[in-house]
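Below you'll find the structure, written out as structure tokens, and then a few comments.
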Amino acid sequence: MLRRARLRLITLGLASALALPLGCTKEPEPDALAVTVDGDTRTLDAKALAALPAHEVTVQEHHYKGPRMRDVLAAPIPEGKVVIAKGRDGYTQTLTAEAAQGDDCIIAHELDGGALPEKEGPTRIILAGSPGLSVRQLASLTVGDAP
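Add 819 to a position in the sequence shown, counting from 1, and you land on the number used in our numbering.
Below is the structure:
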């Protein structure tokens, strides 16, 4: 009986571990980023975002650091599609595939060597040369048709 219970616990633990990709959670953290590509949604927490290669973009006198959007999306954007970025406050911006896949488009999690201020973060889109496309408190990225 004890052996059967132990085997069941091991099996359940292994099944749980295999069910979720690294950095993804069943219950999204409040500050997690939902990324939807081709109808599949995955959730990236702060640890998963920090594990991606980080790049620095300078806007005026500020230095922002974080992974490139194309690395967060983890897939090329199909021709004719856009990236719809939405903040926690409902603010939405649409980025062309060219802008979203550019070297200077990052999902910033650092500002001037520290965490983003609460009113901006924990993540924010930074696109050098296009401050109007910035989305603070980023909640989701969706690759889809232009609205």
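Idealized CB from N, CA, C, for every residue including glycine. These figures come from a predicted structure and were not determined experimentally.
Query - Residue from P966, A958, A965 whose Cα sits closest to the Cα of R861 - result: For R861, the nearest C-alpha among the options comes from A958.
Query raised in the report: Helix or strand or just coil, what does DSSP make of G951?
Result: The answer is helix: DSSP assigns G951 an H, G or I state.
Requested in this report: Answer yes if the stretch 920-932 comes into contact with the stretch 874-884, meaning at least three C-beta pairs across the two stretches below 8 Å, and no otherwise.
Outcome: With the cut-off at 8 Å, the stretch 874-884 and the stretch 920-932 touch.
Requested in this report: Output yes or no for whether 8 Å exceeds the beta carbon distance between A865 and P936.
Outcome: Not closer than 8 Å, so no.
Query raised in the report: Can you list, in chain order, the stretches of the beta strand (DSSP E) that have 3 or more residues and sit fully within the stretch 877-909?
Result: Whole beta strand (DSSP E) segments, 3+ residues: 881-886, 901-906.
Query raised in the report: Between which two residues does the beta strand (DSSP E) containing L914 stretch?
Result: Looking at the DSSP string, the run of the beta strand (DSSP E) that includes L914 is 911-915.
**Report entry** Paired residues, beta bridge with E929 - DSSP
**Finding:** Looking at the DSSP assignment, E929 forms a beta bridge with K884, A934.
Query - Nearest candidate by alpha-carbon position, reference T929, set A894, G906, R887 - result: Position check: residue 929 holds Glu in this sequence, whereas Thr was assumed. Comparing Cα positions, the closest option is R887.
**Report entry** Span of the beta strand (DSSP E), counted from its first residue to its last, around A853
**Finding:** Where A853 is concerned, the enclosing beta strand (DSSP E) stretches over 852-856.
Query - Sheet register partners of A873 (DSSP bridge) - result: P886, per the DSSP bridge assignment.
Requested in this report: Could you name the residues that DSSP lists as bridge partners for D859?
Outcome: According to DSSP, D859 shares a beta bridge with V856.
Query raised in the report: Using the rule of at least 16 other Cβ atoms within 10 Å of the residue's Cβ for burial, across every protein chain shown, is A870 buried or exposed?
Result: Exposed, by the Cβ-count rule.
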